[in-house]
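Below: the structure, in structure tokens.
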Amino acid sequence: MKKYLEPQFYPPQPYHRFPPNVTDSVPNGTTIYHVTKEFGDASMGELGQIVTSLAKAQAKADSKFNVNVIIPRYSFLTDLYQIQSFTQLSIQVRDETNNWKEVIFTVGRFFWKFTDNLNVLSKNPSITRKIGVYLIGPAKNFKPLNLAYKKVQNNLEIYSSSSKLPQEWKDLYFCKAVAELITFLNSNPESSLFDRFDPRGVDIVHLHGVTNALVLDFIKQFYREESNKVKRKRKSNKLANYKEILLSYPPPSIVYTLHDYQEEQFYSNKVINVNKFLDLTNREDLTKYIYGSRFYPSALAIDYSEVVTIVSASMAREMVEESLEFEAKELIIPSILNRSTTGHWIGITNGVDFNSFNPFNDSKLLEFNSSFPRNIDNFDNELLYAELIEESSQELVINAKSNARKHLIKEKILDSKDFNRILLLYVGKFQYNQGLEFFSHVAEIISKYDAKFIIMGQPNDYPIKYLYQIQSKYPENILIISNLELQSKWGTLFRVATDLKFVPSLTKSFRLIAAEGLLFGSSIISTDIGDLSEFLINKSSKYMIEGYNSYLFKLVNDKDNNKNNERYQLVQRSIEGLKIVLTMALEDYIRLKNNLQEKEIFIRNLIKDALKLSWNRKDGPLNQYTKAYSLAMSIEQKNLKVNVLY
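For reference, each letter of the sequence shown is one residue, going 1 to 646 in full-length UniProt numbering.
And the structure:
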């Protein structure tokens, strides 16, 4: 145990990605269980979007995978799905007298349906698919764990907790309950949902995010304890319950995905709380994860999972080869460097799911004649210039965008003057770290060019009164939409109507939001943070007239500056860069307004850039995750697991 964290320098080393000779070949019917706090309708942000779209991509018609998800049983899900009782299990938790008590919980299950159409430009009908979703319910006989996941009214409350139930207890309970469910599933394999595969045990447990990291250690302990019991029972030929036949199937291979390197290393639990669920007696192997009175589990999952991934290829490389600076890196970088030397630290940039939310087949867009034409790949640029734009024989994207504006004006959401204005859209939380302190400066320039800044999102730690103060100063040029009902009803039309998408985050790249902007035909104005450079092509000079899809400004960080009010000063030092790129973008769109043929082709190129980001593209993220699973399941890894962990 260490009392405090000491700053360290870590020399750069080569980033190997996968070891040599790793293939994307896995057995038919390979079973995957994604362990996550967010999925489908129970999603609050990018974590849920990423896990949902990955699971959908894996479960496509010709997949070799049997895909499943494990999440908490949030109470609002009962109103959305027909949840069936799946099984009842128990775990050991210390009571108030510090004695172990058997805590009983139920597991529910429903089948989450989605449409499978890999090509959103195709008119072929989509096929309905299903993914099995297992739900960890609250404890039946132990207070306050009996309150877990109750009174969760919607997806915005999935991280809320009763004042009587500590959040750390809830997280640890979920981890241990998931481990128990995994051991049960591994000894009681079911047939595939589609009867395409023979029954198998649990092949892959894919842990998403640091709050689920301890699932790994609980599984390890279950196997270690039960293997000793089985050896004794086999001598007497007595096998009494499912745990005692666990070793008839290999332990599951575990893949751990780091979703946010800026935040996850900080996650910790009080040692006293961990000890309530995990016997720390004689666990010297865990002391290196303890600082002061708190246990930091991210490095544990990095050290002991078969494969570790991070949701950005560029960040994975920078963390190893360029000694990327970020707060509290000492908590995880030693573990990352160690795994990287053998090719088990892998960056996989997420794909984008176009089926659930796109401008081609959205029902509301179809209703208002605002859906994009599907002729993205077979559009004739020469014919466009040969004809009058008003008499074009080809369907045009600019017409769909105009129709979206007309309808928003008809509904009196936009003003009639907005039809000819350049529209800049922000979508996200009203949060300091998402760059809202830039907004007053954006409004000043937007007003100067008589454009419109549409701010659409949900209240958070940035006071909404500041946004309304900006609006009162520039009433003609600022529109704030904080009402969730309005966002749900008209959000897609706003995305279509928009010219520019503003993604000014200070800490995260918000890749999916930026990719969505391109798909809806909007150029991106953003910071240069994170992995955005993997697909955003910056207009680096005002003389650049093609080949770009974004306007990026640099976050100017003075490393010699003290930490006081660091975020505010970061914004202040970066304002001039923002003003330059925003001005450049507005002047470009003024020029495009006067050349509609050029504007049509420019927008189509933005859409093409987005479509390149699909999960199933050649050598894309789906292929990379399959290789990660293949590596995790390899014979060498199984031998390593049995010898070292179990």
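Virtual Cβ for every residue (Gly too), placed ideally from N, Cα, C.
Residue i: first and last residue of the uninterrupted beta strand (DSSP E) it sits in
| i | result |
| --- | --- |
| M319 | Run containing M319: none in the beta strand (DSSP E); it sits in the alpha helix (DSSP H), 313-321. |
| R129 | 127-139 |
| K501 | 500-503 |
| D116 | 100-116 |
| G521 | Taken as a continuous stretch (DSSP letters only), G521 belongs to no beta strand (DSSP E), as it is neither H nor E. |
| P72 | 65-72 |
| F453 | 452-459 |
| S43 | Premise fails: S43 is in no beta strand (DSSP E) and is neither H nor E. |
| Q88 | 84-94 |
| T554 | Strictly speaking, residue 554 in this sequence is Lys, with Thr absent from that position. Unbroken run through K554: none, as it is neither H nor E. |
| V22 | Counting along the chain, V22 falls outside any beta strand (DSSP E), and DSSP gives it neither H nor E. |
| T309 | 307-310 |
| L408 | Segment 397-410 is the alpha helix (DSSP H) holding L408; no beta strand (DSSP E) there. |
Cα-Cα separation between residue i and residue j, rounded to whole angstroms
| i | j | result |
| --- | --- | --- |
| F326 | Q8 | 12 angstroms |
| S370 | I607 | 15 angstroms |
| V550 | K501 | Checking the displayed sequence, the identity of residue 550 turns out to be Ser instead of Val. Answer to the nearest angstrom: the Cα atoms are 9 angstroms apart. |
| L5 | F266 | 12 angstroms |
| I413 | M456 | 13 angstroms |
| V103 | M44 | 29 angstroms |
| Y462 | E437 | 9 angstroms |
| R421 | F372 | 21 angstroms |
| F419 | K406 | 7 angstroms |
| S482 | P12 | 45 angstroms |
| N381 | H16 | 43 angstroms |
| T498 | N616 | 28 angstroms |
| Y81 | Y134 | 12 angstroms |
| E367 | N361 | 10 angstroms |
| P27 | R511 | 32 angstroms |
| N141 | P14 | 52 angstroms |
| D279 | Q458 | 41 angstroms |
| K593 | N623 | 41 angstroms |
| D609 | D377 | 12 angstroms |
| S392 | F379 | 12 angstroms |
| E632 | S253 | Just to set this straight, residue 632 is Ala in the shown sequence, not Glu. Roughly 6 angstroms separates the two Cα atoms. |
Residue of the options minimising C-alpha distance to residue i
| i | options | result |
| --- | --- | --- |
| I525 | L425, K429, K599, I603 | L425 |
| Y261 | K64, S314, V67 | S314 |
| I601 | N375, D116, K113 | N375 |
| F39 | V51, R604, T128, E321 | V51 |
| I71 | K176, I464, G29, P12 | K176 |
| L156 | A404, N460, N623, S541 | N460 |
| S488 | I580, V427, E534, L512 | V427 |
| L586 | F86, D531, S162, K539 | K539 |
| K429 | L484, I446, F379 | L484 |
| E321 | V307, T309, A328, I336 | I336 |
| E387 | L596, Y149, D285, I480 | L596 |
Assigned exposure category for residue i - 16 Cβ within 10 Å defines buried
| i | result |
| --- | --- |
| S298 | buried |
| G347 | buried |
| G292 | exposed |
| F111 | exposed |
| N358 | buried |
| D303 | buried |
| W169 | buried |
| N186 | buried |
| Y543 | exposed |
| G132 | buried |
| E46 | buried |
| D171 | buried |
| L486 | exposed |
| S268 | buried |
Element boundaries [alpha helix (DSSP H), containing residue i]
| i | result |
| --- | --- |
| S626 | In the sequence under discussion, the amino acid at residue 626 is Thr, which differs from the Ser named in the question. Per DSSP, T626 belongs to the alpha helix (DSSP H) from 621-633. |
| V442 | 439-448 |
| P334 | 333-340 |
| K143 | Premise fails: K143 is in no alpha helix (DSSP H) and is neither H nor E. |
| K276 | 271-277 |
| F602 | 596-611 |
| F494 | 484-497 |
| Y468 | 464-473 |
| Y304 | 298-304 |
task: Ignoring anything shorter than 4 residues or poking outside the stretch 150-215, list the alpha helix (DSSP H) runs there in chain order.
output: 167-187
task: Would you list, in sequence order, the uninterrupted beta strand (DSSP E) runs of no fewer than 3 residues that lie entirely inside the stretch 348-389?
output: none
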